[in-house]
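A.B. asks: Quick one: structure below, then a few questions.
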């Protein structure tokens with residue numbers, strides 16, 4: 023391939039009923055991966071992805087392995103065609119998909135890990151205790167100031183730094199509600215609660231982080247075939263030890279996606295390929311750098327389009 027490519031892998035929220043259907047129709051390997059996932063998890067992930075229902079697919083312990091599997095299928099189809107990145111990153115859950123694509127983590131281990139990760143994150147807080155909100159149109163510094171003012175002894179912090187004016191916050195529900203009010207007063211274009219099962223990427227996830235660390239220590243993590251930019255540091259990882267440390271820290275730490283985009287663009291990347299369901303991350307890259315070339319690969323049609331567009 024002539025172009026320098028970066029692969030980016032989506033996180034939770036990109037799932038939809040029907041994902042993976044056309045990939046397994048065109049690829050025997052994708053069909054094998056569905057069978058492997060079903061066998062590994064003791065769960066009919068194929069039926070869940072293809073038929074839903076949406077409420078079941080939206081459960082975090084189902085969503086996470088489903089998105090990871092479809093992302094791994096798409097990455098495999100690109101690799102079979104000789105298309106490889108010079109660098110990659112994944113948003114939250116997507117970091118696991120990126121590490122599978124980089125050969126650091128086996129698909130079976132990753133599926134088991136992310137299913138447990140979803141379960142641990144959901145169980146870390148009682149229903150209703152925590153919340154998340156998207157604040158659009160305020161700087162990262164303004165959001166940090168709002169969190170400081172609204173905290174009032176509770177947990178409240180930036181959870182996803184998705185763009186220069188696009189930040190997701192997480193913490194105790196009351197603190198998040200106070201932050202939404204302050205954000206609106208400060209002139210936010212939007213300040214809305216997100217429909218999530220838990221307050222991800224904040225200190226309330228500490229019980230989940232401790233449980234996940236035990237699981238991460240049980241599985242082998244090898245060196246990476248290409249660098250993956252860590253959510254927690256926005257720096258490239260190349261070793262299994264770095265990846266293990268980053269995955270442990272990631273549960274309670276913010277996803278530093280804005281800095282991650284800058285790290286990737288600093289590698290003279292010419293095109294971003296979003297690998298897996300949805301177009302959220304390629305959209306964030308376009309907002310951040312509007313002349314950047316982007317593509318996405320989530321089904322047979324988008325794979326064909328991407329292949330036609332690549333030199």
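In my numbering, the protein residues as written are 23 to 333.
Think of the CB as a built atom: it goes at the ideal place given N, C-alpha and C, for glycine as much as any other residue.
All values derive from a computational prediction rather than experimental measurement.
1) Where are the alpha helix (DSSP H) runs, 4 residues long or more, that stay fully inside the segment 92 to 152, in chain order?
2) Straight-line CA distance for residue 136 to residue 282?
3) How is residue 185 classed by DSSP in three states: helix, strand or coil?
4) Quick one: any contact between the segment 273 to 281 and the segment 252 to 263, if contact means 3 or more CB pairs under 8 Å?
5) Who does residue 293 pair with in a DSSP beta bridge?
6) Report all residues from its chain with a CB closer than 8 Å to the CB of residue 23; omit the five preceding and five following residues, and keep chain order.
7) Please say whether residue 202 and residue 213 have beta carbons closer to each other than 8 Å?
8) What does the Cβ neighbour count give for residue 14, buried or exposed, with the cut at 16 atoms within 10 Å?
9) Need the endpoints of the beta strand (DSSP E) that residue 215 sits in, please.
10) Of the choices 130, 211 and 141, whose alpha-carbon is the least far from that of residue 222?
11) Determine whether the beta carbon atoms of residue 185 and residue 311 lie at a separation below 8 Å.
12) Assuming residue 87 contacts residue 67 under a Cβ cut-off of 8 Å, what Cβ separation, rounded to an integer in Å, is found between them?
13) For residue 38 and residue 89, what's the separation of their Cα atoms in angstroms?
14) Identify, in the order they occur along the chain, each residue of the same chain with its Cβ nearer than 6 Å to the Cβ of residue 147, setting aside the five sequence neighbours on each side.
15) What residues in its chain sit with their C-beta under 6 Å from that of residue 291, if we drop five residues either side in the sequence?
16) DSSP on residue 324, reduced to helix/strand/coil?
17) Just mark residue 160 as buried or exposed, buried being the case when its beta carbon has 16 or more other beta carbons within 10 Å.
18) Could you check which residue in 165, 144, 44 and 112 has the C-alpha nearest to that of residue 33?
19) State the beta-bridge partners of residue 192 as determined by DSSP.
20) So if DSSP puts residue 277 in a beta bridge, which residue, or which two residues, is it bridged to?
21) Tell me where the alpha helix (DSSP H) around residue 305 begins and ends.
22) On the three-pair Cβ rule with 8 Å, is the segment 296 to 306 touching the segment 155 to 170?
23) Rounding to the nearest angstrom, what Cα-Cα distance links residue 183 and residue 240 in this structure?
24) Within the continuous alpha helix (DSSP H) that includes residue 62, where are the two ends?
25) Can the beta-carbon of residue 243 be found closer than 8 Å to that of residue 117?
26) Note down the Cα distance separating residue 193 from residue 177, rounded to an integer number of angstroms.
27) Along the chain, where does the alpha helix (DSSP H) containing residue 232 start, and where does it finish?
28) Does the beta-carbon of residue 295 have 16 or more other beta-carbons within 10 angstroms, so that it is buried, or is it exposed?
29) Which of helix, strand or coil does DSSP assign to residue 162?
30) So, with DSSP's three-state summary, where would you put residue 42?
31) Rounded to whole angstroms, what's the CA-CA distance from residue 18 to residue 99? Just pull it up for me.
C.D. replies: On the basis of the supplied data:
1) Complete alpha helix (DSSP H) runs here, min 4: 116 to 123 and 129 to 145.
2) Between residue 136 and residue 282, the C-alpha separation is close to 22 Å.
3) Under the three-state reduction of DSSP output, residue 185 falls in the strand class.
4) Flag = yes, the segment 273 to 281 and the segment 252 to 263 touch.
5) Within the DSSP secondary-structure output, residue 293 pairs in a beta bridge with 27 and 315.
6) At residue 23, the pLDDT of 48 sits below 50, so the modelled position is not reliable and the matter cannot be decided from this model.
7) Closer than 8 Å, so yes.
8) Only positions 23 to 333 of the chain appear in this structure, which leaves residue 14 out of reach.
9) Run containing residue 215: 212 to 215, per the beta strand (DSSP E) assignment.
10) Among 130, 211 and 141, the Cα nearest to that of residue 222 is on 141.
11) Not in contact: residue 185 and residue 311 (Cβ atoms no closer than 8 Å).
12) Residue 87 to residue 67, Cβ: 6 Å. Contact.
13) The straight-line gap from Cα to Cα measures roughly 9 Å.
14) Contacts found: 220 and 226.
15) Around residue 291, the same chain offers 26 and 28 as residues with beta carbons nearer than 6 Å, after the five sequence neighbours per side are excluded.
16) If DSSP states are grouped into helix, strand and coil, residue 324 belongs with the helices.
17) The residue is buried, with at least 16 neighbouring Cβ atoms inside 10 Å.
18) Checking every option, the nearest Cα to that of residue 33 belongs to 112.
19) Checking the DSSP bridge columns, you'll see residue 192 partnered with 154 and 179.
20) Beta-bridge pairing links residue 277 to 182.
21) That run of the alpha helix (DSSP H) goes 302 to 310.
22) Contact fails: fewer than three Cβ-Cβ distances are below 8 Å.
23) Approximately 31 Å between the Cα atoms of the pair.
24) Residue 62 -> alpha helix (DSSP H) spans 50 to 63.
25) The Cβ atoms of residue 243 and residue 117 lie no closer than 8 Å to each other.
26) Going from the Cα of residue 193 to the Cα of residue 177 covers about 5 Å.
27) Start and end: 228 to 238.
28) The C-beta of residue 295 has 16 or more other C-beta atoms within 10 Å across all chains shown, which makes the residue buried.
29) Looking at residue 162 - three-state DSSP - the assignment turns out to be helix.
30) The three-state reading of DSSP puts residue 42 in coil, since its state is none of H, G, I, E or B.
31) Nothing in the structure corresponds to residue 18, since the chain is present only between 23 and 333.
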